[in-house]
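Residue numbers (the working numbering): -19 to 183.
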């Protein structure tokens, strides 16, 4: 049984820029998510689908396969289902599990249970009409959860001077320098062909 596990990785975030590239337990959250999927027993392929060269480079660093997401599937208002359809078209599988990395400490055993439950019952664990209920209700003194902003995001580095962790050119430049010997796997982002939805990575 082919089991493909994916992470949907869109660069933009309205409340906290590049939040999933920030270190969590010493690693970018996206990288930590890839490692959690790899620790699961039942997995044949780990795919990161993204429109961003920066995210593609982070995913490549952690050994994931890459799928260039068309620009039309990369906006705020696109639901998950069309993104999943695009992924399984390029990576056919018997079971597809999407890992939401907002919960990076999910135990690999839980991921295995999802695969086993799906394989035994032949049913998905969610429906196309499921939706996240958004509300401004929050506990007293916790502030407005919809209006979160990041402060003090500039840090002084003796090697590079002042670095803004929210500046795309700083983050991307670091990965381009580090991965200068691996251009073939990143052609979809260096020379964007997003409309074709080409994929790259080891299969």
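Backbone N, C-alpha and C fix where the C-beta goes; we use that ideal spot for every residue, glycine too.
- Across the structure, residue 72 and residue 46 are spaced so that their CA atoms are roughly 14 Å apart.
- By the beta-carbon neighbour count (other beta carbons within 10 angstroms, threshold 16), residue 83 is exposed.
- Non-local beta-carbon contacts of residue 44 in its own chain, meaning distances under 6 Å to residues more than five positions away in sequence, involve 14, 26 and 28 in chain order.
- Non-local C-beta neighbours of residue 17 in its own chain, meaning closer than 7 Å and more than five positions away in sequence, comprise -15, 23, 26, 79 and 91, ordered along the chain.
- The C-beta of residue 68 has fewer than 16 other C-beta atoms within 10 Å across all chains shown, which makes the residue exposed.
- The Cβ atoms of residue 53 and residue 63 sit closer than 8 Å to each other.
- The shortest C-alpha to C-alpha distance from residue 70 to any of 0, 49, -10 and 4 is the one to 49.
- If you draw a 10 Å sphere on the C-beta of residue 20, you find 16 or more other C-beta atoms in it, and that means buried.
- When DSSP states are grouped into helix, strand and coil, residue 0 belongs to the helix group.
- A Cβ-Cβ contact shorter than 8 Å links residue 74 with residue -17.
- Restricting attention to 60, 152 and 166, the CA atom closest to the CA of residue 1 is found in 152.
- According to DSSP, residue 25 shares a beta bridge with -16.
- With respect to residue 77, residue 58 sits apart: the two C-beta atoms are not nearer than 8 Å.
- Within the DSSP bridge table, the entry for residue 8 names 3 as partners.
- Residue pairing by DSSP places residue 30 opposite 48 in a beta bridge.
- Excluding residues up to 5 positions away in sequence, 1 and 38 lie with their Cβ nearer than 6 Å to the Cβ of residue 8 in the same chain.
- Between residue 34 and residue 155, the C-beta spacing is below 8 Å.
- Residue 10 is positioned such that its CB atom lies closer than 8 Å to that of residue -11.
- Judged by DSSP secondary structure, residue 68 falls within the alpha helix (DSSP H) whose first and last residues are 60 to 70.
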